[in-house]
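First comes the structure, then the notes that go with it.
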Amino acid sequence: MNEQEKAAHAEQVVKEFALGFYQDRARQLGQMVPGADAKVGLEPEAFADPLRYMMEPQEWLTMARFGLGLNDEEAGYIYEICQGMAEWVFGIPGWHTYHIPDAWYEHPMGALWAAAFVRVQGDELITITEAAELAGVSVQAMSQRVKRGTLPSFVDPAAPQRQGRTLVRRSDVTDLKTGG
């Protein structure tokens, strides 16, 4: 894919995701408060161009373009967009926490999110094998920590094979090793 095709892909994925996300939230609101979905309805042009009329999708497009290597942004800014999107999509109200399901990485928007997150993290993300070496444990033991959820993991959608797709934060592994 050339840069123009990547840009068009990012825009299309973000538009479709934004519309679906908004429609789902409006429907959910309508189930909680009958008729509320109609009161928060957008004008038809907002549905035609969510990147022009909605704030979050503009941020999501910046993040997607960064993940595809189409723009350079300050890492902290992109990290905040990634964090915000994860909270919007997966957050548990009142808990200030979330869990990203594996299926997210298979969704086109999830793949763009992951690409941006991996790029912004740089050398902080390491493979399970590297984590096992760092911690002085077996790869199987490290994989079990990921499966149990005691070690947060992320998927690199650009990894060429199944091994190496799951990444963990170096600092999380160091914390496990030191008991922090």
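Residue numbers (the numbering used here): 994 to 1173.
By construction, the Cβ of each residue, glycine as well, lies at the ideal position given by its N, Cα and C atoms.
Rounded to a whole number of angstroms, what is the C-alpha to C-alpha distance between Glu1073 and Glu1066? Rounded to whole angstroms, the gap between the alpha carbons of Glu1073 and Glu1066 is 12 Å.
In the DSSP assignment, find the unbroken alpha helix (DSSP H) run with Thr1167 in it and report its ends. Note, Thr1167: alpha helix (DSSP H), Arg1163 to Thr1171.
With a 10 Å radius around its C-beta and 16 neighbouring C-beta atoms as the bar for buried, classify Gln1016 as buried or exposed. Flag for Gln1016 reads exposed.
By alpha-carbon positions, which one of Asp1116, Ser1131, Arg1138 and Pro1153 ends up nearest to Ser1164? It is Asp1116.
Same chain, Cβ closer than 6 Å to Ala1001, five either side skipped, listed in chain order: Taken in chain order, the list of residues that qualify is empty.
Go ahead and label Asp1149 buried or exposed: buried means 16 or more other beta carbons lie within 10 angstroms of its beta carbon, across all protein chains shown. Classification for Asp1149: buried.
Based on the DSSP secondary-structure assignment, which residues constitute the bridge partners of Leu1160? Answer by DSSP bridge pairing, in chain order: Thr1120 and Phe1147.
Cβ-based burial, Phe1010 [other Cβ within 10 Å; buried from 16]: Counting Cβ neighbours within 10 Å, Phe1010 comes out buried, since at least 16 surround it.
What residues in its chain sit with their C-beta under 7 Å from that of Glu1080, if we drop five residues either side in the sequence? Tyr1091, listed in sequence order.
Note down, in chain order, each residue of its chain lying with its Cβ closer than 6 Å to the Cβ of Val1174, except the 5 sequence neighbours on either side. Since the first residue shown for the chain is 994 and the last is 1173, residue 1174 is missing from the structure and cannot be characterised.
Give me the residue from Gly1129, Gln1154, Phe1147 and Thr1167 with the minimum Cα distance to Gln1076. Taking only the C-alpha atoms, the option nearest Gln1076 is Phe1147.
With DSSP collapsed to three states, give me the class of Gly1062. It is coil, neither helix nor strand.
Is Gly1178 helix, strand or coil when you go by DSSP? Because the chain here runs from 994 to 1173, residue 1178 falls outside it and cannot be looked at.
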